[in-house]
Amino acid sequence: MPSQSALVHTFNGIPFSTRSSKELLHTLDSFEAREDDVLLVSYPKSGTHWLAEILKNLYRTQQGANGCGTVTLTSPIEFGDPSKYEDLRNLPSPRLIPTHLNYKMLPVQLKTKKCKMIYIIRNPKDTAVSLYHYYKDNPNLPTIDKWTTFLEMFLRGEVVCGSWFDHIHSWEDHKNDDNVLILYYEAMKKDATRSIEQLSNFLGVNLTPEKIHEIAMKSSFSEMKEQAQKENINPNNTVCALTSNKQLIFRKGTVGDWKNHFSTKQTKIFDAQIEEKMNSSQLMKCIEY
Ligand code: A3P
Numbered sequence: 001m002p003s004q005s006a007l008v009h010t011f012n013g014i015p016f017s018t019r020s021s022k023e024l025l026h027t028l029d030s031f032e033a034r035e036d037d038v039l040l041v042s043y044p045k046s047g048t049h050w051l052a053e054i055l056k057n058l059y060r061t062q063q064g065a066n067g068c069g070t071v072t073l074t075s076p077i078e079f080g081d082p083s084k085y086e087d088l089r090n091l092p093s094p095r096l097i098p099t100h101l102n103y104k105m106l107p108v109q110l111k112t113k114k115c116k117m118i119y120i121i122r123n124p125k126d127t128a129v130s131l132y133h134y135y136k137d138n139p140n141l142p143t144i145d146k147w148t149t150f151l152e153m154f155l156r157g158e159v160v161c162g163s164w165f166d167h168i169h170s171w172e173d174h175k176n177d178d179n180v181l182i183l184y185y186e187a188m189k190k191d192a193t194r195s196i197e198q199l200s201n202f203l204g205v206n207l208t209p210e211k212i213h214e215i216a217m218k219s220s221f222s223e224m225k226e227q228a229q230k231e232n233i234n235p236n237n238t239v240c241a242l243t244s245n246k247q248l249i250f251r252k253g254t255v256g257d258w259k260n261h262f263s264t265k266q267t268k269i270f271d272a273q274i275e276e277k278m279n280s281s282q283l284m285k286c287i288e289y
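Per full-length UniProt numbering, residue 1 is the first one in the sequence shown, and the count goes up by one each step.
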């Protein structure tokens, strides 16, 4: 069993799990992007799997010349070792590529080729709670038993993928780029069909209202949780698996679970940090919670 400190390492001042090798992080810019790559970006626990499921269904429903459309969901671009980029080269287009990297760290070709990027944002309090449980249940991350300790680490950006605040800020200047679509977890919960419509317009995929409804149903929390219980993911598939253990992903899937975790004092401290760090952020202003 690896020691606790061996489960996380730091690169460019940001903590990463050992699923992201240092060697790969050093060679991110060697990733060869294609113009039809679609990037699915999120800070961890913001609804990455949900969005990936919607996108997979959205592409599959599309009627192309050969019948049903497809998309290849890869593993996150920062997971694995440098040989992974060789493997990604052999995957068919379009590739749907998840990542938790901030904007600055993205492989350069994804930017120069203006690949479509979808950034999903979740309110930071629920994100912190979700990440806390993920740490607790995941043998590949350090054990942090106490919520108070975890919350302090989250606020200092000492958790995997670093500071939530910095992550959002890194996207602020790109929120209006033509190749970028920003989605919000809370808005998706309120009206998933509206978000699916936004996605289909952004990706140029024509869908009937019936198909949109069908995708919303297929990607609902209960459907996905049930499906995950049936699925047996191969943890050795480092090219195509978004997650090696899907059981850890589907916990509650709600908005506002933070209220069951934050004390009044913790809420005050957290709100003060939001005020101080996110005052100028337009993205923050759009989070409804
Ligand atoms: P909770 O821990 O609050 O339940 P990610 O996919 O980025 O790791 O995010 C995981 C979070 O998204 C978990 O939050 C999970 O329950 C939630 N989630 C996953 N699928 C969902 C769905 N279909 N609808 C709503 N939330 C979902």
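Where is the CB? At the ideal position from N, CA and C, for every residue including glycine.
Secondary structure of residue i, DSSP reduced to three states
| i | result |
| --- | --- |
| Ile269 | helix |
| His100 | coil |
| Leu110 | helix |
| His261 | coil |
| Leu7 | helix |
| Ser244 | coil |
| Ala65 | Caution is warranted here: a pLDDT of 44 is assigned to Ala65, below 50, making its placement in the model unreliable, and the coordinate value is therefore given only provisionally. Three-state result, Ala65: coil. |
| Phe79 | coil |
| Leu58 | helix |
| Ser46 | coil |
| Thr193 | helix |
| Leu91 | coil |
| Ser21 | coil |
| Leu141 | coil |
Option nearest residue i by Cα separation, candidates the options
| i | options | result |
| --- | --- | --- |
| Trp258 | Arg251, Thr267, Phe250 | Thr267 |
| Trp147 | Phe16, Glu214, Phe262 | Phe262 |
| Asp36 | Tyr59, Ile121, Ile287 | Tyr59 |
| Gln109 | Ala241, Leu131, Ser30, Leu203 | Ser30 |
| Arg194 | Asn179, Val180, Glu210 | Glu210 |
| Leu183 | Arg89, Ile14, Cys286 | Cys286 |
| His213 | Lys230, Glu226, Ala192, Pro124 | Ala192 |
| Tyr135 | Ile274, Phe16, His169 | Phe16 |
| Asn260 | Ile14, Val129, Met284 | Val129 |
| Gly253 | Glu275, Tyr185, Leu207 | Tyr185 |
| Tyr119 | Val38, Leu28, Asn245, Tyr132 | Val38 |
| Thr243 | Ser200, Thr27, His100 | His100 |
| Val8 | Gln62, Ile121, Val159, Ser42 | Val159 |
| Gln227 | Ser280, Gln247, Met153 | Gln247 |
Cβ neighbour criterion (16 or more within 10 Å) applied to residue i
| i | result |
| --- | --- |
| Met278 | buried |
| Val71 | buried |
| Cys161 | buried |
| Ser20 | buried |
| Asp126 | buried |
| Gln282 | exposed |
| Ser46 | buried |
| Thr264 | exposed |
| Pro76 | buried |
| Asn102 | buried |
| residue 292 | The shown model of the chain, from 1 to 289, leaves out residue 292, and the question about it has no answer. |
| Asn123 | buried |
| Lys104 | exposed |
| Asn57 | buried |
Residue i - containing alpha helix (DSSP H), residue span
| i | result |
| --- | --- |
| Val255 | Val255 -> no alpha helix (DSSP H), and no H or E assigned at all. |
| Lys218 | 209-218 |
| Ile14 | Looking at the DSSP string, Ile14 is not in any alpha helix (DSSP H); the run it does join, the beta strand (DSSP E), is 14-17. |
| Glu226 | 221-230 |
| Phe250 | Phe250 -> no alpha helix (DSSP H), and no H or E assigned at all. |
| His133 | 124-137 |
| Leu151 | 147-156 |
| Ile168 | 164-172 |
| Lys175 | Premise fails: Lys175 is in no alpha helix (DSSP H) and is neither H nor E. |
| Met284 | 282-285 |
Cβ shell of residue i (< 8 Å), same chain only, five flanking positions each side left out
| i | result |
| --- | --- |
| Glu53 | Lys218, Ser219, Met224 |
| Asn176 | none |
| Ile269 | Leu155 |
| Tyr289 | Asn123, Lys125, Asp126, Glu186, Val255, Gly256 |
Residue span of the beta strand (DSSP E) that contains residue i, given as start and end
| i | result |
| --- | --- |
| Met117 | 116-121 |
| Ser42 | 38-42 |
| Phe31 | Premise fails: Phe31 is in no beta strand (DSSP E) and is neither H nor E. |
| Leu181 | 180-184 |
Close-in-space but distant-in-sequence residues of the same chain around residue i (CB under 7 Å, 5 per side omitted)
| i | result |
| --- | --- |
| Phe11 | Lys22, Leu25 |
| Ala33 | Pro107, Gln109, Leu110, Lys113, Cys115 |
| Ala272 | none |
| Arg89 | Glu32 |
| Ser170 | Asn102, Tyr103, Lys104 |
| Asp166 | Asn102, Gly157 |
Spatial neighbours of residue i in its chain, beta-carbon cut-off 6 Å, leaving aside the 5 residues before and after
| i | result |
| --- | --- |
| Ser163 | Gly157 |
| His49 | Ile249 |
| Gly13 | none |
| Phe221 | Gly253 |
Residue i Cβ short of 7 Å to the ligand ADP heavy atom set
| i | result |
| --- | --- |
| Lys22 | Absence of the ligand ADP from the depicted structure is noted, with the ligand A3P being the only ligands included. |
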